Amino acid sequence: MSQVWLIGRPVAHSLSPAMHNAAFAKLGLPHRYELKETADDQLVATLDRMRRDGDVLGANVTIPHKETVLRLLDEVDDEARRIGAVNTIVCRGARLIGYNTDKYGFEKALETQPPDVSWSSVGFPFDHDRILILGAGGAARACALSLLEHGNSVDIANRDPARAEALVRSIEVDGRHPRVVPWPKGGEPGDAVVNATPLGLNGEEVLEDVQLPRWVIDLVPTAAETPLVKRAKATDNVTVVDGLSMLLHQAARSFQLWTAVPAPLEVMRATLPRPV
Ligand code: NDP
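Just so you know, our numbering puts 1241 at position 178 of the sequence shown, and the rest follows in order with no gaps.
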């Protein structure tokens, strides 16, 4: 039996084991997806175990390690390097190869909205729009690159402004960069907001006294809806994308990287606590 790990902190709430283990079972693959709660000072040792153990197929990497891990791997694919963050590791012998499936997951989640109308692709919804991203970590990087590639303007608001500045310097498409705006509310209202922080996981409010734009995308992947998602759903003319759809699609891409077979998407979707 081979293992796939989820490396991060905290990971106990994760919906990924149910999704991946159902998919492994459906295809009769002898693999198991396991949580590996990993503090900052344990990351190097965890990667060394992956190199040594021989029975680890790969891993997902989540908060707070996606940027740090990129510098600790043996090889990093071009897109992950452009984003500046890795969320998927594939073990090839004792070599660890880094990928990023968050950008793919974000794009698929947006292209298949709203889910109650159709699961088929309706195309990427933003073009020459202005989008506020809350956060400047790995997920924010993937979203910012995607949105710039689709011709949009991107504002970054982050608790730590230095990290926002670092994102803005390194994420670039044809000479265009995001810009830094004040945490937590951004500047003028734009067309969409993306919550790429964990705020909401434990019921925290975000943007509570701000008028919501026409799209609200909350990446926090939880069984219970976040306060931001609840408020957006209760507001007229706001399209809401919650974190479960992105979770599903990034997982499907990671699954294929580890196993070299297409993920059974519907089996994975059925494990989620709400329809997406
Ligand atoms: P990172 O560790 O790379 O970045 C974390 C970000 O969240 C940073 O901008 C950090 O700000 C901010 N943050 C953390 N705690 C707080 C806080 N208490 N108040 C304000 N800001 C905070 O993590 P990721 O980018 O990987 O993940 C961010 C969120 O996106 C997580 O909730 C994660 O689960 C979710 N996500 C969901 C995915 C999905 O498929 N649905 C995929 C990827 C991520 P600072 O720099 O100031 O510390």
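Every residue gets a Cβ at the ideal spot worked out from N, C-alpha and C, and that includes glycine. None of the values given here were measured: they were computed from a predicted structure.
- Assignment of His1128 by DSSP, reduced to helix, strand and coil, places it in the coil class.
- If you check the C-beta of Ile1152 against the ligand NDP, you find no heavy atom less than 7 Å away.
- Look at Thr1322 here: in three-state DSSP terms it is helix.
- Your pair Arg1332 and Tyr1167 does not check out as a contact, with CB atoms roughly 16 Å apart and the cut at 8 Å.
- Look at the beta carbons and you see the stretch 1155-1165 touching the stretch 1108-1116: at least three pairs across the two are nearer than 8 Å.
- If one requires a minimum length of 4 residues, the alpha helix (DSSP H) runs lying completely within the stretch 1214-1286 are 1224-1233, in chain order.
- DSSP assignment within the stretch 1134-1190 yields the following whole beta strand (DSSP E) runs of 3 residues or more, N-terminal first: 1151-1155 and 1158-1162.
- For Asp1137, the closest C-alpha among the options Pro1290, Tyr1162, Leu1320 and Pro1127 is that of Tyr1162.
- Contact between Val1304 and Leu1197 is absent: CB atoms are separated by about 14 Å, not below the 8 Å threshold.
- Distance from the CA atom of Arg1072 to the CA atom of Cys1206, rounded to whole angstroms, is 21 Å.
- In the DSSP assignment, Glu1329 falls within the unbroken alpha helix (DSSP H) covering Leu1328 to Ala1333.
- Distances taken from the Cβ of Val1231 to the heavy atoms of the ligand NDP include none shorter than 7 Å.
- Taking 7 Å as the cut-off, the C-beta of Thr1125 counts as close to a heavy atom of the ligand NDP.
- Between Pro1284 and Leu1078, the beta carbon gap of about 6 Å places them in contact (Cβ cut-off 8 Å).
- The Cβ atoms of Arg1277 and Thr1260 lie no closer than 8 Å to each other.
- Counting only residues of its own chain and dropping the five nearest sequence neighbours on each side, Ser1209 has a CB closer than 7 Å to the CB of Lys1166, Phe1169 and Glu1170.
- Cβ neighbours of Gly1250 within its own chain (closer than 6 Å, five residues either side excluded): Val1244.
- The C-beta separation of Asn1215 from His1191 comes to about 7 Å, placing the pair in contact by the 8 Å criterion.
- Per the Cβ contact rule, the stretch 1317-1337 is in contact with the stretch 1082-1092 (3 or more Cβ pairs under 8 Å).
- In this structure, the CA atom of Val1124 is about 13 Å from the CA atom of Gly1200.
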